[in-house]
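Residues -26 to -1, 1 to 951 (mature numbering (1 follows the signal peptide of the UniProt record, and there is no 0)) make up the sequence shown, in order. Following: one structure in structure tokens, then a few remarks.
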Amino acid sequence: MRAYMSMRRLLGLFTLVVLAPVYVRSLTPSLNDDVLGLIVFKADIQDPKGKLATWNEDDDNPCGWVGLKCNPRSKRVTELNLDGFGLSGRLGRGLLQLQFLRKLSLAKNNLTGSISPNIARIDNLRVLDLSENSLSGAIPEDFFRQCGSLRVLSLANNKFSGKIPDGLSSCSTIASINLASNQLSGSFPSGIWSLSGLRSLDLSDNLLEGEIPKGIEGLNNLRALNLQKNRLSGKVPDGIGSCLLLRSIDLSENSFSGSLPETMQKLNLCNYLNLHGNSFAGDAPQWIGEMKSLETLDLSANKFSGQVPGSLGNLQSLKILKFSTNGLTGSLPKSLVSCTNLLTLDFSQNLMTGDLPSWIFNSGLQEVSLSREKLGGGSLDTPTLPTANALQNLQVLDLSHNSFSGEIASTIGVLSSLNFLNLSRNSLVGPIPVTVGELKFLVTLDLSQNQLNGSIPAEIGGLVSLKELRLEENKLSGKIPASIEKCSSLITLILSENTLSGPIPAAIAKLVNLQNVDLSFNRLDGGLPKQLANLPNLLSFNISHNNLQGELPAGGFFNTISPFSVSGNPSLCGSAVNKSCPAVLPKPIVLNPNSSSDSTPGELPSNIGHKRIILSISALIAIGAAAVIVVGVIAITVLNLRVRSSTSRSAAALTFSAGDDFSHSPSTDTNSGKLVMFSGDPEFSTGAHALLNKDCELGRGGFGAVYRTVLRDGHPVAIKKLTVSSLVKSQGEFEREVKKLGKVRHQNLVALEGYYWTPSLQLLISEFVSGGSLYKHLHEGSGGNFLSWNERFNIILGTAKSLAHLHQLDIIHYNIKSSNVLIDSSGEPKVGDFGLARLLPMLDRYVLSSKIQSALGYMAPEFACKTVKITEKCDVYGFGVLVLEVVTGKRPVEYMEDDVVVLCDMVRGALEEGRVEECVDGRLQGNFPAEEAIPAIKLGLICTSQVPSNRPDMGEVVNILELIRCPSEDQEELGSA
């Protein structure tokens, strides 16, 4: 009998799971209805944390299950509370079986899909909370038709859209409605005003529009009204003053206009009134002082005018007062001194005048903001600031954009709790007081755009919590103190437009959190500390218009630094300033001709005077310079003679073998060099002098200049003159690597046709591609001559195929960029400059990055990390950037006047905001298939993942691109992946 009942139970459960949501209660009358309903509910969801492990269908009584409460007499489930269990999936109909349920709370989970209109029809349901999930779609029109005894409803923080159903007005027993933070639209539901028992209404952060209908005066029990962040307009109904129990009103960030209804002064119980961000106008109401229970009053960002109401002094409970961004005039009323509980005072961005009231510093205020006023006539000197006891609570002080003069008080250190101090854009003079270093909790210090002088005090190192330091546009002098290294949390350091001198202290390199640095327009000198290259979070570093000298740091951020950021330093060198650095030569040993034979080698006798040493060195320098000039003239003469004779000798010097893969010169004489061609006639019709002819130069890159010349048979070739001789391998290793590269053949790769070797000069001879670079086609085209979508897609696909071919041969390109992709006469892409890193054994990632730093934005992030291996995924990253460049027509990094736009970040942001189609090159004027362009953009973003292992292989990239161009029936969803 027991086996029969067990089998029957299993059969019933199986039937319920398979047939859900078709629910038939009579299938298994032997089972508890609540058990069946809960098990079916569990079957429809996922429980990754195993929170519902105690839910067992073998139990006849579920009252011991986690998240449940039961009626102690009937043993029926009355409460189901699974808040924050991490559940996902959809809400099935199993819950409808819980007919004695009074509270259903599934908040803070990951539930998706729509909601059934039947949930609200559970006869005894009082509380329904589905907030903070991902439920979507429209709220069913008949959801509230039979809402029974529902009193609390929360669907907040989901993705519901459409209108609020009119049936909501039929829930006569409801006391609390929260539909906040969804995408609900349409007009304000007028039927809500008929819900006389309503105590709380929250429709904030939606898309509701239009005016608030009349009839609110019927809500005699309303305590809280929140309509912020909608698109509501018009005037606030006068009837709001009849809701005498209102304690909280938030109408902020809408488009309400007109004056406030005077009936609001009757709301004596209201303690929170927020009307921020509307268009309320007229004089600030005097009657506001009648709302004597107010603790928070925010009328900021409106169009109020006139003077600040003196009646504000009646608000004895007031803690937060915000009137910023209006058109208020006059001065702060003295009556505010009566607001003894005031913590925050914000009257910034008005038209107020007068002195800074002394009572501000005699209160218990924590935040004071009076910026962008016309306050002045007073100073911030010592008499203005009171004792420490009166200021021990002040945390925010913003007096910027005023007309304060005088010096900053030396007693500034008494502001012991201060974390934000902004005195910028005033007329303050004198030094920065050393007592500023006592502000241990200060996070932001902005003293910019004043007339402060003297040096930056070493005590600045005492600001151990500081994240932002702005001292620009003052008259500060002296050195940047090394003690700044103690400000270990510093993110922003702006010291521009002063007269600071001396070197940039190496201590700055210890501030590992630095992101933005501006030291421009000073008198700084000396070299840049090389340790700056180790700063991991730098986004900008402006040192323009100083007297700095020497080489820029190599590696990290400095590989892609903007030329704008280093301009105006004549003695700086490096690729960013387009100026090569002089070679570092060993110091010459100067032998004293007057020393005795038994003197210690290299040691000058002590009897030689200082004047004689100077004369000897000067004479030697003059002699040395003359010798260098003579040797140079002789060398150039010999070189010219040899160049002239090289053409006539080359045919005789070279031998060919029909059965050999390569044709080469038998000569290994270092004076004559070795020319090897992999096929054909190696002799140049124009002679070697073509390499010295500027007219034949095609361009310059990180590894050298490229020239065009013609072989004797009329075949044009491109010749790269390597400028990294000190890094090149020995002749044997060099030739082996070049010959390997010479065997690489692919229709989308520039063929390597030969090379020339001497210990001091190496040339690579390649196929000449006549169509110019992709960079020029994208960014330097003129008129209507630009690439069509088909041409762009073919370029992307051809480039991908070439890289996939290289990776099959274990060759990493290292230098993918649009200037290295050439277009032939038929429009096919040909990738050049591949595998050059194989020729340079000393090439680490920092040397490499300095050689290819012209490839701004293409460089994979692992180049900046010593511990991450450089693999072919670097090429994938560069290819991803190239895809975005081709589709958008924008450069990988664009330098604006005061901003830097990184293409990957811009496109990724557009994708997240649902406007990715706007990124496609505007020159295409809609002449592109979105089903190809959008997946191509997404593929580009995947390839530029910050984590190398998340990037696909180039072989996979080729397959994806071919699917995008010719999708099969089972791949139609590729574009939305």
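C-beta: ideal position from N, C-alpha, C; glycine also.
Bounds of any alpha helix (DSSP H) do not take in LEU196, whose DSSP letter is neither H nor E.
Rounded to the nearest angstrom, the gap between the Cα atoms of PHE118 and PRO139 is 8 Å. DSSP, read as helix, strand or coil, puts ASP849 in helix. Look at PRO307 here: in three-state DSSP terms it is coil, with no helix or strand label. Contact check for SER150 against GLY189 fails: the beta carbons are separated by 8 Å or more. The three-state reading of DSSP puts CYS917 in helix, counting H, G and I together. In the displayed model, TYR788 falls within coil according to three-state DSSP, outside both helix and strand.
With respect to the 8 Å criterion, LEU402 and GLU381 are classified as neighbours on the basis of their beta carbons. For GLU191, the closest C-alpha among the options LEU206, LEU723, LYS240 and ASP272 is that of LYS240. Our two residues, ASN521 and SER462, have alpha carbons roughly 27 Å apart in a direct line. Annotated three-state conformation of PRO733 is coil, per DSSP.
As the crow flies, the alpha-carbon of ARG710 is around 13 Å from that of LEU738. Residue pairing by DSSP places PRO114 in no beta bridge whatsoever. For GLU341, no alpha helix (DSSP H) run applies; the uninterrupted beta strand (DSSP E) run containing it begins and ends at 341 to 343, by DSSP.
In this structure, GLY136 lies near LEU158, with their beta-carbon atoms less than 8 Å apart. Across the set GLY215, SER298, GLU412 and ALA130, the C-alpha of ALA130 shows the shortest separation from the C-alpha of SER178. Of all alpha-carbon atoms in ILE148, SER231 and LEU127, the one lying nearest the alpha-carbon of ILE186 is that of SER231.
It is roughly 16 Å from the alpha-carbon of LEU199 to the alpha-carbon of LEU234.
Of the other Cβ atoms in all chains shown, 16 or more fall within 10 Å of the Cβ of HIS779; this residue is therefore buried. Here LEU182 is not near LEU196, since their CB atoms are 8 Å or more apart.
With fewer than three CB-CB distances shorter than 8 Å, the region 80 to 87 does not count as touching the region 24 to 38. Boundaries for TYR749: no beta strand (DSSP E) harbours it, while the alpha helix (DSSP H) harbouring it runs 748 to 753, taken from the DSSP string. In its chain, beyond the 5 residues on either side, VAL861, THR862, PHE902 and ALA907 have a beta carbon closer than 7 Å to the beta carbon of VAL894.
Contact check for GLN340 and ASN367: beta-carbon distance about 5 Å, within the 8 Å limit, so the pair qualifies. Within its own chain, the residues whose Cβ lies closer than 6 Å to the Cβ of GLY251, once the five positions on either side in sequence are excluded, are SER226, GLU227 and ALA275, listed in chain order. Between the C-alpha atoms of SER747 and ASP798 there is a straight-line separation of about 9 Å. Around the beta carbon of ALA904, a 10 Å sphere encloses fewer than 16 other beta carbons of the protein chains shown; the residue is thus reported as exposed. Apart from sequence neighbours up to five positions away, the residues of its chain that approach ARG939 with a beta-carbon distance below 8 Å are PHE767, LEU771 and GLU906, ordered along the chain. When secondary structure is reduced to three states using DSSP, SER274 falls in the coil class, being assigned neither helix nor strand. Residue state for SER384 is assigned as helix, using DSSP reduced to three classes. At the C-beta level, GLY806 and ASN794 come within 8 Å of one another. The residue among ILE693, ASP687, GLY688 and THR732 with its C-alpha nearest the C-alpha of VAL680 is ILE693. Annotation for GLN782: the continuous alpha helix (DSSP H) segment containing it runs 763 to 782.
The residue among PHE515, GLY122 and SER457 with its C-alpha nearest the C-alpha of LEU437 is SER457. In the DSSP assignment, ALA17 falls within the unbroken alpha helix (DSSP H) covering 7 to 17. With respect to the 8 Å criterion, VAL881 and ILE911 are classified as neighbours on the basis of their beta carbons.
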